[in-house]
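Residue numbers (UniProt numbering): 1 to 150. Glycine residues also receive a C-beta, built at the ideal position from the N, C-alpha and C atoms. Structure first, then comments.
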């Protein structure tokens, strides 16, 4: 009898590490902005990232044997954060928005990488749902970035 070839879960931990880095960066950015509407916007982005993280966490457990709490990509995000803090200008909020859009780009890139692989059906469904959520976040951030240019 032929054995069914069940695909292995790939890339869940990597995606969660990027999400964790973004959560950290949004949290820090939220503390630095003065505009309460922007802080609320960052809260929505944080909520979406946490939701996607929890949606994908069971797959990271299956992939790695434990919950993923790390942020291996935080070095990249830290570089961006340091750059933002170093740019203490009158346009600090725009700088945050621009750098956070780059974080959204990185998150979408990681999701696309995972979707290129043959994944188990439940994981693929979770990835597609996560991609839709994160695409919405990216589009909102891009719109905010474009509306912020004067």
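Taking the Cβ atom as the reference point for each residue, do residue i and residue j lie within a distance shorter than 8 Å?
| i | j | result |
| --- | --- | --- |
| residue 70 | residue 17 | yes |
| residue 56 | residue 23 | no |
| residue 9 | residue 99 | no |
| residue 50 | residue 60 | no |
| residue 41 | residue 144 | yes |
| residue 12 | residue 63 | yes |
| residue 38 | residue 93 | yes |
Would you mind working out which of the options sits nearest residue i, comparing C-alpha positions?
| i | options | result |
| --- | --- | --- |
| residue 52 | 145, 92, 128, 139 | 128 |
| residue 106 | 95, 131, 36 | 131 |
When you measure from the CB of residue i to every non-hydrogen atom of the ligand ZN, does any distance come out below 7 Å?
| i | result |
| --- | --- |
| residue 136 | In the structure shown, the ligand ZN is absent, as is every other ligand, since no ligand is present at all. |
Since residue i and residue j should fall inside the 8 Å C-beta cutoff, what is the C-beta to C-beta distance between them, to a whole number of angstroms?
| i | j | result |
| --- | --- | --- |
| residue 110 | residue 142 | So it is not a contact: roughly 18 Å between Cβ atoms. |
*Inside the segment 86–127 only - alpha helix (DSSP H) runs reaching at least 4 residues*: 92–116
*On the three-pair Cβ rule with 8 Å, is the segment 30–39 touching the segment 123–141?*
no
_Length at least 3, wholly inside the segment 9–74: the beta strand (DSSP E) runs in chain order_ = none
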